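Let me begin by presenting the structure, written as structure tokens, before commenting on it.
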Amino acid sequence: MLTRRTFLKAAGVCLPVPWLETVAAASEKNAGSPPGRAVFFMVPSGVNMWRWHPKEFGPNYQLSSTLQALAPLRKELTIFSGLEHAKGAGGGHYEVGVWLTGNEKYKSKDGPVEPNTISIDQHIAGAIGKRTRIPSLVLSAPGGSVTTSFDAKGAPVNAENNLRRLFGELFGSPDVMQRLQRRASILDLVGEQARGLSRQLGSNDRRRFDDYLQSVRDVEARLQADRGYFSSQLLPIAADELTLDVDPQQQRQDYFKTMLELVALALRNDQTRIVSILACGSGHEFFGQWPEFGKGTHHHASHATNFDTEEQKPQPYAFLERVDNWFIAHLARFLQRLEETPDGDGSLLASTMVLYGGGMSWTHNPSNLPMLLAGGSRLGLEHGSHLRFNPHKDFKGQVDKSVKPDQTTVCDVLRTMSERLGVPAEGFGDSRRIVGELLA
Amino acid sequence: MRNPGRGLIGLTIALLVTCPLRARADDSAVFKRTVQPLLIKHCAECHGGEEPEGGVRLDQPAIDFAKAEVRSAWEKVHAMLTRGEMPPKAKPRLSTDDLDTLASWIRGEVERGVIAERGGAGRTTMRRLTRVEYARLLEDVLGLRYQNVPLNLHEKLPVDPQSAAPLNDGDLLAFQSLHLKACVDLVERVVKAVLADEPHPAPFTYHIDPRRLATGNIQGRTTGLVGQVPPIEGEDKSRPARVTIGSPHRTEAGGVLLSPIYRVDSYLGRDKINVGSWNIELPYFQPAGVLHLKIRAGAVIPRGEGAPVMRVSFYNNVDNERFGRELAAITVTNPADELRDYYVEIPLDLIDFPYVLFERSGRIGVRIANDYMPIADRILPPKEKGKPVAWSWEEPQLVIDHVVVTGPGSSRRPPLTAAGEKVNDDRKRVAAILQDIASKAWRRPVAAEEVAPFTRLYRQRRADGLSRDRALFEPLTAVLVSPHALYLVERKAEQPAPLSGVELANRLSFFLWGSRPDRQLLDAAITGKLHDPEVLAAQVERMLDDPGSRVFAENFVTRMLALERVENDPIDFGLTLKSFGNSKVAELREQRLKHDLAREPVHYFEHVLRNNHSAYELIGSDYLIVNDRLANYYGVSGVEGGAFRDVPAPEDRRGGWLTMAGVVAAASRGNKEATILRGVYLLERILGEHPGTPPGNVEPLEVQARIDKKRGQLAIRERVKLHTSINTCQLCHRKIDPLGFAWADFDYLGKRLPVPPSQPGKAAAPIDCSGKLPDGRAFASLNEFTQLLGDQQQPSRYQFGEVLVRRLTGYALSRPLNLSDEEMIRNLVQSAQRNGWRLREIIKSIVLADSFTHG
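These protein sequences, in sequence, are chains F and E. Read in order, the letters of the first sequence are residues 176 to 615 in the working numbering. Read in order, the letters of the second sequence are residues 684 to 1538 in the working numbering.
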């Protein structure tokens, strides 16, 4: 017997990969231009400011020692100096809640105890998230409410930190398949019952009740599509090549490697277009000790630097430098991976903007933030420069008075990224302009 | 003529133009012979052609009254004609006969349109439950009641639309895939929580007695008690609970005295440090099942202060990952020498807490604190350098003698599967369980065949190798998201006919309890007795006596008076300076004040309902229903404790709802100049008339005053006049504005303004509160305004009793009323009059009306 379910099952398998829900997205695909994507990757708790920013500005800069690993991708990235939030938002320990929101009033370091404003990734996902299977991926190594992403009500979006679970959501796992199976049988039962009931209703009530029948059909179709999707061949690699059962604290190296690999795969398959990643909390003891990098913690090291020279404070600066290099190496591998992945007639990196950085500089100051933007050349971004904005202490500890103050903020960059994806963000956070310097 | 409802009617007219003539041939003949000539003669001059006045075109033959928008537009035309607002004064008036022809034609067509759409005059379309009703149903059916811990499950479902009219309007309760998805998500979660598929770990018990703890330092400066408490006999001693009690004060009997937390940690972070509270950190365990707390507590309440509030929260007390969430807030009133046990049951699976934090810190933290907020303002004396701040107030103390914590697994509540306990055959056992749950969730007797598909799924899952409980998971979830659970199912005939007993019982219980009928009501329904008017009336009495009717009072009054605004609008009560400059404390004090202000009209309504007094008492009486906080707000002395009770009203608070601060605040929405807002509020909510839709390009008065300095210097009456001097505005505003002045001597917080001091050359004069009703009757004060609404001699649609009858009827039927309901309303009003407008009689007569008992 050919029931509707078996039909849907069959249809599910035929669904095109990647998943496309709306006609809008389908036509966009047909038009030949690959969709735009954005990744926001935050590493809080400050950096070694003596070695992060390049010393020269403009296109002919020399990569700083911290950023050396990015040398092969130099043409695909822009480094910022002097970038900060307006009104010193994010000072001290508040950087995580402020980085993607620009909310100067957010003063909560002890977890999200008060409402924030919406973060840019959720703002974008709200507009275009429906075009993909997963509106946006929110990841963080600590997980839960420790995240850079906040919803429209200002509540933290629950961040995933379990790679096994993440894998299940992206590519299907026995758990996820079981849940779909479970849901399908529940919907079968109530759908059958609803059709029986509908026949007994008066014509007028029946019209109202069509809502329910329609929702059963909608949810069912979605389930079947997911099942079809998971059972089609998605992974270019065997699942056991990924190390999924790793602890973010004990096995940092494997954890970030796999997490970024999963993100790259999710982007490649167009399962999602918006990703936020948080490496740890701010001032956070999450990573506890890094014995391989020296004594103390990330947080304490950045506290200790205090505008001093490396000679004065050799130990904390050396510690920070090793942490910085470690994350930049991961970033470089991730960008490389996107660069090697074809997307339409270009690379995945060309259609993916990756914002990397943190919300602290010297001793927890929220100025001259260490930030860079990579990828997205097909979205109209022009890279290759070291841009500088507001006056800030440079590597010599001098303030350059020739740069106009308070000109460009992080939110301007966030807004520019949002609008490259076709999502207006005028007035987002403290934004006042589009960063034309980034545009081709 | 200019029309106020331009937008709406404009839309309708577009429909008129595009709809082909649907009237039957004979009707159309009547229309052509008698009605159309009148419309052409009196209306078409302005309301005709391609660009009719106000977008209202009345010269066309095609009218489809089956469309709701068309009907409501014509109802407006009807209202204008019958009130003599149309044709305009300069034009020839309709003769009475012609007016009657036109008006009765509109009434007839509207009636027929409704019949066409609803399948019968006065019929109600089947609706789904609101999210609050559905959440309550789940709680009822699955027994999700946990002592002192509110679940607020409805917050996990999409917000329901609310119509502008204060109704639980079934017409607006759409159902989308988002609803279904959210419902399935929620039900899966709650079913999983109650249907344990593996044995819980053996429950542990910690008995925490301060007498056995050592004195120690907390945060380096406060003396308190600290210690490691092992679980009691027979359990794993290697897993002690870490206990910190941040208070050095003890009762003679050895209990701990806790001062209000706002005093000790100044609220910079409510849950910041250990000082001033009990912190119990249990060794981490899988957060599933129910954690039980038994807290032996009492209170020391100084004269003139309120009772302490015992706040229990989950709290992760780890540097940089601090996170707290309130679980329970219990007012403790028993004195310290009469200690009582307070139970707190925490359903771990159903509380949204980032347990990952606990997992990481290896401890589950429970914090108990005294969360009292002073009722009266406390203004500190000026600070002297080098001296500690003199604190001259005695604070209520929370006394905690000891705490017993029992881990999950110890629950003694009957399992969900109780109905199948004594059945040996597994197939019959499951059928019995599912039949039991289904009959509760679907609120009617359920035949065995009906659950057969559900039991089949169970057997299939058993065959797949799942455990007995696990295999029940899917069928049970399906029972709870079934349309029979989600909708108020009514199987109606083509012609109006009495509802089945069970359908009537469901309508009734969702009207009065917002939840499913109980055994007794269902029994009456099943035996067919419920259709007996006497039985039905007796059930109404019984249900109103039941505490469940609080839901009705709360929903009805909150929506009628828009009281949710008091808590949700950003109204500044200016308590900052009166709370020793601490904005956090001010905020919390405001929260509690707003909460009480929003509850007062509800308690008042309940009082009138309980005593079956006249509906007119709602707008005038010599008593107040207040607690200590509101008594302080109104300047009434001698009220102690947080419970609401009746006290004699002061002279200026004798207008019932109309002199309640919460009602004035809801009308003013935090605006200092709120005359127009108040006028709209009074017209819509108290006089029961839709105020019309304002044009989109008009700035509020305050903004106008800012832009135009000259306007800013005018008196408020002048400004209001200027604002509405334009012809198109006047039509609505001549009704709205004169009403708003009734509250001219109240500020936006509902405080009575004093008589302004005399100015040079001017004698002191009381604030001018004069205005007039839309029908022209003038009033000089709020008192006179109230008298006009209560004037039963002069029949008027603004009579408060009639307005209330309309509101209650709309609420009972879950739909807006229209012209076809007028006859029912007339009868209800007459019956109310005969019964002295007593509230319970009004409700009974609504329930007994055909529109309610028939489908």
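No residue lacks a Cβ here, since even glycine has one placed at the ideal position from N, Cα and C. Given the structure is predicted, the values throughout are model-derived calculations rather than measurements.
* Is the segment 238-251 of chain F touching the segment 484-504 of chain F in the sense that three or more CB pairs, one from each, lie closer than 8 Å? -> yes
* Asked: To the nearest angstrom, how far is it from the Cα of G1257/E to the Cα of N333/F?
  -> C-alpha of G1257/E to C-alpha of N333/F: approximately 36 Å in a straight line.
* Asked: At least one CB of chain F closer than 8 Å to the CB of K1123/E: is that the case?
  -> no
* When the cut-off is 8 Å and only beta carbons count, does L1140/E lie next to chain F? -> At a cut-off of 8 Å between beta-carbon atoms, L1140/E makes contact with chain F.
* **Whole-Å CB distance - I1508/E paired with R1489/E, under 8 Å assumed** => 6 Å
* Asked: Just how far apart, CA to CA, sit L896/E and D1229/E?
  -> One alpha carbon belongs to L896/E, the other to D1229/E, and they sit about 46 Å apart.
* Counting only runs that start and end within the segment 407-451 of chain F, where is the alpha helix (DSSP H) found for 4 or more residues in a row? -> 427-443
* Taking just the CA atoms, how far does L554/F sit from S239/F? -> 27 Å
* Does the beta carbon of Q368/F come closer than 8 Å to any beta carbon on chain E? -> Output row for Q368/F: interface = yes.
* To do: Report, in whole angstroms, the separation of the C-beta atoms of G1303/E and G1473/E, which I expect to be a contact under 8 Å.
  => 6 Å
* Asked: What residue from T1160/E, E1021/E, Y1431/E and N962/E has the CA that sits closest to R161/F's CA?
  -> Residue 161/F cannot be examined here, being either before or after the span of chain F that is shown, 176 to 615.
* What do you get for L1292/E, buried or exposed, if any count of 16 or more other CB atoms within 10 angstroms of its CB means buried? -> buried
* On the DSSP bridge assignment, give the partners of M546/F in chain order. => F255/F and G532/F
* Asked: Hey, quick one: how far does the beta strand (DSSP E) through Y281/F stretch, first residue to last?
  -> From DSSP, Y281/F is part of no beta strand (DSSP E); its letter is neither H nor E.
* Mind checking if Y404/F is an interface residue toward chain E, Cβ cutoff 8 Å exclusive? -> no
* Asked: Apart from the five residues on each side of it in sequence, which residues of its chain come closer than 7 Å, Cβ to Cβ, to L1081/E?
  -> Here the set comprises L941, A980, A982, P991, M993, V1015 and N1053.
* Asked: Does Q1477/E come within less than 8 Å of chain F when only Cβ atoms are used?
  -> no
* Tell me which same chain residues have a C-beta within less than 7 Å of the C-beta of D852/E, skipping the five on either side of it? -> So the qualifying residues of the chain are S846, S1497, R1498 and P1499.
* Please list the partners that A1176/E has in chain F, where partner means a Cβ-to-Cβ separation under 9 Å. => G377
* Hey, how far is the Cα of K305/F from the Cα of T447/F? -> Going from the Cα of K305/F to the Cα of T447/F covers about 9 Å.
* Should Y387/F be flagged as near chain E, meaning a C-beta pair shorter than 8 Å? -> yes
* To do: Could you check if P1071/E is buried or exposed, using at least 16 other CB atoms within 10 Å of its CB as the buried criterion?
  => That one is exposed.
* Is N481/F helix, strand or coil by DSSP? -> DSSP places N481/F in coil when its eight states are reduced to three.
* Are the beta-carbon atoms of G551/F and T516/F separated by less than 8 Å? -> No Cβ-Cβ contact shorter than 8 Å links G551/F with T516/F.
* Asked: What first and last residue would you give for the beta strand (DSSP E) that runs through E1104/E?
  -> Unbroken run through E1104/E: none, as it is neither H nor E.
* Asked: Based on Cα-Cα distance, which residue from G1324/E, P1333/E, A1221/E and I1399/E lies nearest to T1358/E?
  -> Checking every option, the nearest Cα to that of T1358/E belongs to I1399/E.
* What does I361/F touch in chain E if you count any residue whose Cβ is under 8 Å from its own? -> V867, E1157, T1160, A1161 and V1164
* Taking Cβ-Cβ distances shorter than 7 Å, what residues in chain E pair up with R358/F? -> V867
* Within its chain, find whatever has a CB closer than 6 Å to the CB of G731/E; leave out the 5 residues flanking it on each side and keep chain order. => Counting only residues of its own chain and dropping the five nearest sequence neighbours on each side, G731/E has a CB closer than 6 Å to the CB of D742.
* To do: Enumerate, from N- to C-terminal direction, the unbroken alpha helix (DSSP H) stretches of 4 or more residues contained entirely within the segment 977-1050 of chain E.
  => Entirely contained in the segment 977-1050 of chain E, the alpha helix (DSSP H) runs reaching 4 residues are, in chain order, 1038-1044.
* To do: Give a single yes or no on whether V1249/E has its beta carbon closer than 7 Å to a heavy atom of the ligand FMN.
  => The ligand FMN is not among the ligands present in this structure, which contains no ligands whatsoever.
* Please confirm if V1172/E has its CB atom under 8 Å from at least one CB of chain F. => yes
* To do: Kindly identify the DSSP beta-bridge partner or partners of Q1080/E.
  => V983/E
* Is the CB-CB distance between I1526/E and L1491/E below 8 Å? -> yes
* According to the neighbour-count rule (16 or more other Cβ atoms, all chains shown, within 10 Å of its Cβ), is A1115/E buried or exposed? -> buried
* Continuous alpha helix (DSSP H) stretch holding N500/F: start and end -> Where N500/F is concerned, the enclosing alpha helix (DSSP H) stretches over P489 to E515.
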